[in-house]
Amino acid sequence: MGVGFDSIVAVAIALVGSQVGCLASTVNPFATGVASQTLNISPGDGLVSRVILLIITITISIIYVYHYASVIEKDPTKSLVYNQRAEDEKHFLVKADPNDDHKMTGRQKTVIWLFGITFVVMILGLIPWSNLNSHWTFFDKFTKWLVNIPFLGDLLGHDMAPLGTWYFNEITMLFLFMSVLIMAVYHMKESEFIDAFMSGMGDFLSVAIIVAVARGIQVIMNNGMITGTVLHWGELGLHGLSQTIFIILTYIFYIPMSFLIPSTSGLAAATMGIIGPMGHFAHVSGSLVITAYQAASGWVNLITPTSGVVMGALAIAHINVGIWWKWMLKLMIYLFIATCLFLGIAALL
263 MGVGFDSIVA
273 VAIALVGSQV
283 GCLASTVNPF
293 ATGVASQTLN
303 ISPGDGLVSR
313 VILLIITITI
323 SIIYVYHYAS
333 VIEKDPTKSL
343 VYNQRAEDEK
353 HFLVKADPND
363 DHKMTGRQKT
373 VIWLFGITFV
383 VMILGLIPWS
393 NLNSHWTFFD
403 KFTKWLVNIP
413 FLGDLLGHDM
423 APLGTWYFNE
433 ITMLFLFMSV
443 LIMAVYHMKE
453 SEFIDAFMSG
463 MGDFLSVAII
473 VAVARGIQVI
483 MNNGMITGTV
493 LHWGELGLHG
503 LSQTIFIILT
513 YIFYIPMSFL
523 IPSTSGLAAA
533 TMGIIGPMGH
543 FAHVSGSLVI
553 TAYQAASGWV
563 NLITPTSGVV
573 MGALAIAHIN
583 VGIWWKWMLK
593 LMIYLFIATC
603 LFLGIAALL
């Protein structure tokens with residue numbers, strides 16, 4: 263707001279950017295990873311197509327947010343929250359003291375760098391380099407050299423997985439190690455670290471329950487031969503259905519499902535075991551089915567009131583959810599059309 267925009271722009275930069283990233287997840291372990299594991303395929307399958315979708319949707323989103331920001335910068339009265347602008351400026355201390363110099367400390371900058379490095383390493387670990395190119399064996403050679411170093415090899419373990427073959431176990435250890443390192447760099451007390459750690463873990467409790475229950479449902483369906491019956495019905499229903507129609511219907515199917523199960527990992531665990539095999543009957547790859555599921559989940563999570571991320575961001579920014587839906591309407595239409603066109607074309611390739 264201090265540079266002439268409004269609270270909607272601030273929320274859009276963070277929320278639209280992050281959720282569009284989920285919409286076209288490339289190697290997201292909580293969406294791509296869980297779904298790929300359910301279908302017994304590599305998370306790297308379909309990576310190129312998801313990167314293309316990511317570029318398309320991010321470009322649309324950037325143009326949309328930039329256009330709105332440019333309009334209200336020239337004429338603040340066109341802001342959807344203009345009637346509360348004075349109140350927001352007072353609440354967010356926009357004009358408290360223009361001479362205040364809020365610079366980040368050295369420790370804070372270091373923590374930001376470590377936080378960024380963590381996600382870079384995670385991405386490098388999840389991308390199947392050898393599958394993309396059989397000559398890309400640098401990380402395999404580096405890992406062999408690393409584990410043969412005296413003492414360090416014993417500490418890391420001689421069966422250490424090279425980057426490109428990582429999954430949940432390796433990512434868990436990466437996050438745990440980096441959290442302890444950040445604690446040390448920031449000079450946090452042990453009690454503060456434990457409190458923050460447990461608070462963060464609490465957010466995953468509901469996800470863990472959903473995944474466990476969904477897995478239980480899947481076991482019951484398999485043992486009761488329900489899955490086979492559903493797949494048989496699906497095969498009959500999909501007979502003669504084109505790949506384009508199937509993948510678009512899959513995308514539409516996942517939209518209401520994403521409202522009911524906003525957790526990406528929970529949604530994948532609950533449905534991918536059935537929808538994925540159905541794709542084979544329509545000659546649609548499992549990786550494209552995963553792309554459709556992710557796209558629907560990310561699209562819905564831009565506006566759904568069942569998402570703690572959406573409602574939390576709007577509450578912090580003092581934006582009514584109705585106003586947010588009104589602002590998002592056109593962008594949602596653009597993203598829906600772009601995704602349907604992309605999925606339809608990708609199914610034919």
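Here the sequence shown is numbered in this note's numbering, starting from 263 and rising by one per residue.
Every residue gets a Cβ at the ideal spot worked out from N, C-alpha and C, and that includes glycine.
Bounding residues of the alpha helix (DSSP H) (the contiguous stretch that carries residue i)
| i | result |
| --- | --- |
| M463 | E452 to G464 |
| T506 | Q505 to L522 |
| Y429 | Looking at the DSSP string, Y429 is not in any alpha helix (DSSP H), and its letter there is neither H nor E. |
| V271 | S269 to L285 |
| Y326 | L309 to K336 |
| A297 | V296 to L301 |
Whole-number beta carbon distance between residue j and residue i, since they are thought to touch under 8 angstroms
| i | j | result |
| --- | --- | --- |
| A554 | L605 | 6 angstroms |
| M422 | T380 | Not a contact, Cβ separation roughly 18 angstroms. |
| L503 | G308 | Incorrect: roughly 21 angstroms between the Cβ atoms, too far for contact. |
| V327 | V278 | 6 angstroms |
| V447 | V373 | 6 angstroms |
| F267 | E335 | 6 angstroms |
| A557 | A297 | Contact flag wrong, Cβ pair sits at about 12 angstroms. |
Cα-Cα separation, residue i to residue j
| i | j | result |
| --- | --- | --- |
| M594 | M460 | 35 angstroms |
| A358 | Y516 | Confidence in A358 is poor, its pLDDT being 48 and thus under 50, which makes the residue's placement unreliable; the coordinate value appears in the next sentence. Whole-angstrom Cα-Cα distance: 46 angstroms. |
| C602 | S559 | 14 angstroms |
| V481 | T300 | 13 angstroms |
| D416 | S392 | 26 angstroms |
| S269 | V282 | 19 angstroms |
| I471 | H329 | 41 angstroms |
| D418 | V409 | According to the sequence provided, residue 418 is Leu. The question's Asp does not apply to it. Their backbone Cα atoms lie some 7 angstroms apart in a straight line. |
| V572 | N302 | 32 angstroms |
| N485 | F437 | 36 angstroms |
| P338 | M590 | 18 angstroms |
| I581 | T566 | 14 angstroms |
| A331 | I275 | 10 angstroms |
| H613 | M534 | There is simply no residue 613 to check, as the chain begins at 263 and stops at 611 in what is shown. |
| I523 | T399 | 39 angstroms |
| Y596 | I322 | 8 angstroms |
| I510 | M384 | 31 angstroms |
| S304 | V546 | 16 angstroms |
| F401 | K371 | 28 angstroms |
| G295 | Y429 | 8 angstroms |
| L315 | V289 | 13 angstroms |
| G574 | V583 | 11 angstroms |
Residue i Cβ short of 7 angstroms to the ligand ATP heavy atom set
| i | result |
| --- | --- |
| Y513 | Because no ligand of any kind appears in the structure shown, any question about the ligand ATP cannot be addressed here. |
For the region 372-456, list the alpha helix (DSSP H) runs that are entirely contained and at least 4 residues long, ordered along the chain. 391-394, 400-409, 414-418 and 430-448
Where in the region 532-608 do unbroken runs of the alpha helix (DSSP H), each at least 4 residues long, occur, reported from the N-terminal end onward? 548-562 and 570-579
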